[in-house]
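A.B. asks: If you read the sequences in order, they're chains A and L. Using our numbering, the first residue of the first sequence is number 295, and each one after it goes up by one. Using our numbering, the first residue of the second sequence is number 295, and each one after it goes up by one. Backbone N, C-alpha and C define an ideal beta-carbon position, used for all residues, glycine too. All of these numbers come straight from a predicted model, not from anything done at the bench.
2 protein chains.
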Amino acid sequence: MIMTTLKLDMNSNLYLRDPQETELGRRILEVSIEMIDELGFEKFTFRKLAARIESAEPSIYRYFENKHRLLVYLIAWYWNWLAYRIDFNTQNITTPAEKLKIAIDLLAQKKEKDPLFPSIDEAALYRIVIAESDKTYLTKQVDDDNKEGLFLGFKSLCKKIAGYVKLVNPDYEFPHTLVSTLMQTAHQQLFFSDHLPSLTEIGRTNENIYDMNKRFLTDIVFKTIDKDQLN
Amino acid sequence: MIMTTLKLDMNSNLYLRDPQETELGRRILEVSIEMIDELGFEKFTFRKLAARIESAEPSIYRYFENKHRLLVYLIAWYWNWLAYRIDFNTQNITTPAEKLKIAIDLLAQKKEKDPLFPSIDEAALYRIVIAESDKTYLTKQVDDDNKEGLFLGFKSLCKKIAGYVKLVNPDYEFPHTLVSTLMQTAHQQLFFSDHLPSLTEIGRTNENIYDMNKRFLTDIVFKTIDKDQLN
DNA sequence: TGGTATTGATAGTATTACTATCATAAATGG
DNA sequence: CCATTTATGATAGTAATACTATCAATACCA
């Protein structure tokens, strides 16, 4: 039986000390996911985190400049993980339409524990992505953060999927626009379905919300790019 | 010459004392728009606002429970204003497809000063909507806030436009999902175009970004709902 | 064994998000 | 026109947040 654990390649500007390298670092990731999920990002503090892992506040600051950077790190990790899964699942697929479909499936799919990354609770992280990820870039420092490469995870995944779109229909004018919309909408609609249900049909029937979301997204994407889809 | 100013109907749970009723209230609205635009929501505080309007912090707390409520108020005001403009501009239009098109136009249009509301700088408010509006509901208290009706502006506008969608194609399965996506995407893409341009084609050519955004949105909406659009 | 890096413990600071209290001014009503 | 309610302003205070500085203890490494 093969036991493997992987480390995702993270842009080194995301952290001060690499949290994947040390025991304390991995505890910070593990417990911060748990606590942000539980408390929400605004009520989450490094002091509370330090208390729960029985460490000290300054020790955490040695890994992350501040809690915003930690959030950006977690969200970047999520996008890198998704990109990895999309690559993995589309390896032997030749038709771009099929690749695109798989990417949408993986994007909108319910997330479960991935044994390759023992210290990450992917289900909790996905809830954080849904509720908090927009906060990574909706700040006044977005341009500085972007220059530092903090959003490369999101951007490169967008580029990858937009590449599939271009292969399906090289004449479509807005591949990146469509894909960034797709990526955002996938999470947003799950949030709406949960908290503001009058904004969406998803969750109104007894069909599984993830499947329904997938159908909505796949429909919109293929209708938009594929002029001849009805033939 | 007719001089009219209007007051939009705001849900009374949004405020403690109605800011449209008093001089100080209107100053709070006016200057908070200016300051949130300038500083961003996180660096904006009631203390700084009080200083700039030469009032006192507690006086502001008499109008709004806290700065989050003030933001929710401003965003709700924006949605009510848009709903009003959509009603006004679709009054004599009979075909639902045309109504829908006008709604998308108004949604994505560049916003300029509306003389009907002298104390509101709509251009600045629109920048706030783009950069901050998601923060109104991405909180742990979203369900409580929703029960209080704080998001009625957004929800009723979504319902209105989804109504047009249903008239265009009564068989389309996801009218609200599509429209909430449309409403979010309209702002999001302008943000991306400004700060994360690799996520969108909008702004890459010398075509006006608002027009380009409109074309993208109109295309996606009509392709999605109108099976026969190409005929 | 000596040195370097990592962590933990304690303490401290400026700022934030409020709340309480009280005086004054302005508007309102009999 | 005086009395009273109401809105505002001024001052002060509190608990919590987002850090930063300092130093000792420990571990690991040559």
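So for threonine 388(L), helix, strand or coil by DSSP?
C.D. replies: Taking the second sequence and counting its residues from 1, the one referred to as residue 388(L) is at position 94. In this structure, threonine 388(L) counts as coil in the three-state DSSP scheme.
A.B. asks: Using only alpha-carbon positions, find the residue among His470(A), His489(A), Met477(A), Gly457(A) that is nearest to aspartate 437(L).
C.D. replies: One-based indexing of the second sequence puts residue 437(L) at position 143. It is His489(A) whose Cα lies nearest to the Cα of aspartate 437(L).
A.B. asks: Just checking: is the beta-carbon of threonine 384(A) within a distance shorter than 9 angstroms of some beta-carbon in chain L?
C.D. replies: Counted from its first residue, the first sequence places residue 384(A) at position 90. With 9 angstroms as the cut-off, threonine 384(A) does not count as an interface residue toward chain L.
A.B. asks: So, helix, strand or coil for arginine 498(L), using DSSP?
C.D. replies: Counting from one through the second sequence, the residue named residue 498(L) turns up at place 204. Looking at arginine 498(L) - three-state DSSP - the assignment turns out to be coil, as it is neither helix nor strand.
A.B. asks: What whole-angstrom Cβ distance do glutamate 350(A) and asparagine 507(A) have, given they're in contact under 8 angstroms?
C.D. replies: For this step, residue 350(A) is matched to residue 56 along the first sequence. For this step, residue 507(A) is matched to residue 213 along the first sequence. The sequence given here has alanine at residue 350(A), not glutamate. Wrong, their Cβ atoms sit about 42 angstroms apart, outside the cutoff.
A.B. asks: Cβ atoms of phenylalanine 510(L) and phenylalanine 448(A): under 9 angstroms apart, would you say?
C.D. replies: Numbered from 1 along the first sequence, position 154 holds the residue referred to as residue 448(A). Numbered from 1 along the second sequence, position 216 holds the residue referred to as residue 510(L). With contacts defined as CB atoms closer than 9 angstroms, phenylalanine 448(A) and phenylalanine 510(L) fail to qualify as a contacting pair.
A.B. asks: Does asparagine 525(A) pass the burial test, meaning 16 or more other C-beta atoms within 10 Å, or should it be called exposed?
C.D. replies: Against the first sequence, residue 525(A) aligns to sequence position 231. Caution applies to asparagine 525(A), whose pLDDT of 36 falls short of 50 and renders its modelled position unreliable; the value that the coordinates give is listed next. Label assigned to asparagine 525(A): exposed.
A.B. asks: Rounded to whole angstroms, what's the CA-CA distance from isoleucine 414(A) to tryptophan 375(A)? Just pull it up for me.
C.D. replies: Against the first sequence, residue 414(A) aligns to sequence position 120. Against the first sequence, residue 375(A) aligns to sequence position 81. Each residue's alpha carbon lies about 11 angstroms from the other.
A.B. asks: Beta-carbon within less than 6 angstroms of threonine 384(L)'s beta-carbon, same chain only, minus the 5 sequence neighbours each way: which residues are those?
C.D. replies: Start at 1 with the first residue of the second sequence, and residue 384(L) comes out as number 90. Leaving aside the five residues that flank threonine 384(L) on each side, the residues in its chain whose CB is nearer than 6 angstroms to its CB run, in chain order, Lys393, Ile396.
A.B. asks: Using the three-state DSSP reduction, which class does lysine 337(L) fall into: helix, strand or coil?
C.D. replies: Walking along the second sequence from the start, residue 337(L) turns up at place 43. Coil.
A.B. asks: What does a CB cutoff of less than 7 angstroms around lysine 405(L) pick up in its chain, not counting 5 residues either side in sequence?
C.D. replies: Position 111 of the second sequence, counting from 1, holds the residue named residue 405(L). Closer than 7 angstroms at Cβ, skipping near neighbours: Glu416, Ala417, Tyr420.
A.B. asks: Anything in the stretch 478 to 511 of chain A with a Cβ closer than 7 angstroms to a Cβ of chain L? List those residues in chain order, please.
C.D. replies: For the stretch 478 to 511 of chain A, the set of positions with a beta-carbon nearer than 7 angstroms to some beta-carbon of chain L reads Gln478, Thr479, Gln482, Gln483, Phe486, His489, Leu490, Ser492, Leu493, Thr494, Glu495, Ile496, Phe510 in chain order.
A.B. asks: Just to confirm my understanding: we take threonine 518(A), look at its own chain, exclude 5 residues before and 5 after, and list those with CB closer than 7 angstroms. What are they?
C.D. replies: For the purposes of this step, residue 518(A) is identified with residue 224 of the first sequence, where counting begins at 1. Closer than 7 angstroms at Cβ, skipping near neighbours: Leu472.
A.B. asks: For leucine 432(L), count neighbouring Cβ atoms within 10 angstroms of its own Cβ and tell me buried if that reaches 16, exposed if not.
C.D. replies: Sequence index remark: in the second sequence, residue 432(L) carries index 138 (1-based). Under the 10 Å beta carbon count, leucine 432(L) is surrounded by 16 or more other beta carbons and is classified as buried.
A.B. asks: Taking the alpha helix (DSSP H) that threonine 471(L) belongs to, which residues open and close that run?
C.D. replies: Position 177 of the second sequence, counted from the first residue, corresponds to residue 471(L). Element bounds for threonine 471(L): 469 to 489.
A.B. asks: Taking 8 angstroms as the cut-off, does the stretch 493 to 506 of chain A touch the stretch 483 to 499 of chain L (at least 3 CB pairs, one atom from each stretch)?
C.D. replies: Pairwise C-beta distances place the stretch 483 to 499 of chain L out of contact with the stretch 493 to 506 of chain A, as fewer than three of them are shorter than 8 angstroms.
A.B. asks: Using a Cβ-Cβ distance cut-off of 9 angstroms, determine whether leucine 432(L) contacts chain A.
C.D. replies: For this step, residue 432(L) is matched to residue 138 along the second sequence. True, the Cβ-Cβ gap to chain A drops below 9 angstroms.
A.B. asks: Return helix, strand or coil for glutamine 523(L), following the three-state DSSP convention.
C.D. replies: Taking the second sequence and counting its residues from 1, the one referred to as residue 523(L) is at position 229. The predicted model places glutamine 523(L) with a pLDDT of 48, which falls under 50 and marks its position as unreliable; any figure quoted below should be read in that light. Coil, per DSSP.
A.B. asks: Give me the subset of the stretch 366 to 377 of chain L whose CB atoms are less than 8 angstroms from a CB atom of chain A, sorted by chain position.
C.D. replies: Answer set for the stretch 366 to 377 of chain L: empty.
A.B. asks: Just to make sure I have the definition right: I need the residues of chain L whose C-beta is within less than 7 angstroms of the C-beta of aspartate 303(A). Which are they?
C.D. replies: For the purposes of this step, residue 303(A) is taken as the residue at position 9 of the first sequence. Within chain L, no residue comes near aspartate 303(A); the closest Cβ sits about 19 angstroms away, beyond 7 angstroms.
A.B. asks: Can you list the residues of chain A that asparagine 440(L) reaches, using a CB-CB cut of under 8 angstroms?
C.D. replies: Counted from its first residue, the second sequence places residue 440(L) at position 146. Neighbours of asparagine 440(L) on chain A, chain order: His489, Leu490.
A.B. asks: Given that a residue counts as buried once 16 or more other Cβ atoms are within 10 Å of its Cβ, and exposed if not, what is threonine 389(L)?
C.D. replies: Counted from its first residue, the second sequence places residue 389(L) at position 95. Exposed is the call here.
A.B. asks: What residue does the alpha helix (DSSP H) around glycine 447(L) start on, and which one ends it?
C.D. replies: Against the second sequence, residue 447(L) aligns to sequence position 153. Counting along the chain, the unbroken alpha helix (DSSP H) around glycine 447(L) starts and ends at 446 to 462.
A.B. asks: Going by beta-carbon coordinates alone, are glutamate 442(A) and asparagine 307(A) separated by less than 9 angstroms?
C.D. replies: Taking the first sequence and counting its residues from 1, one reaches residue 442(A) at position 148. Taking the first sequence and counting its residues from 1, one reaches residue 307(A) at position 13. One thing to note: glutamate 442(A) has its Cβ within 9 angstroms of the Cβ of asparagine 307(A).
A.B. asks: Given this structure, state the Cα-to-Cα distance separating leucine 302(A) from tryptophan 371(A), to the nearest angstrom.
C.D. replies: Your numbering for residue 302(A) matches position 8 in the first sequence. Your numbering for residue 371(A) matches position 77 in the first sequence. Rounded to whole angstroms, leucine 302(A) to tryptophan 371(A) spans 7 angstroms at the Cα level.
A.B. asks: At a CB distance below 9 angstroms, what residues from the stretch 329 to 343 of chain L approach chain A? Give them in sequence order.
C.D. replies: Leu333, Gly334, Phe335, Glu336, Lys337
A.B. asks: Could you name the residues of chain L that isoleucine 414(A) contacts, counting a contact when the two beta carbons are closer than 8 angstroms?
C.D. replies: Residue numbering aside, residue 414(A) sits at position 120 when the first sequence is read from its first letter. Neighbours of isoleucine 414(A) on chain L: none; closest Cβ ~22 angstroms, over 8 angstroms.
A.B. asks: Considering only residues of the same chain and omitting the five flanking positions on each side of threonine 499(L), which have a CB-CB separation below 8 angstroms?
C.D. replies: To locate residue 499(L), count along the second sequence from 1; it is residue 205. Once the five neighbours on either side are set aside, the close Cβ partners of threonine 499(L) are Met506.
A.B. asks: Report the residues of the stretch 415 to 429 of chain A with a CB closer than 8 angstroms to any CB of chain L, ordered along the chain.
C.D. replies: Ala425, Glu426, Asp428, Lys429
A.B. asks: Give every residue of the same chain whose Cβ lies closer than 7 angstroms to the Cβ of arginine 346(L), excluding the five residues on either side of it in the sequence, and list them in chain order.
C.D. replies: Position 52 of the second sequence, counted from the start, is the residue given in the question as residue 346(L). Around arginine 346(L), the same chain offers Val325, Met329 as residues with beta carbons nearer than 7 angstroms, after the five sequence neighbours per side are excluded.
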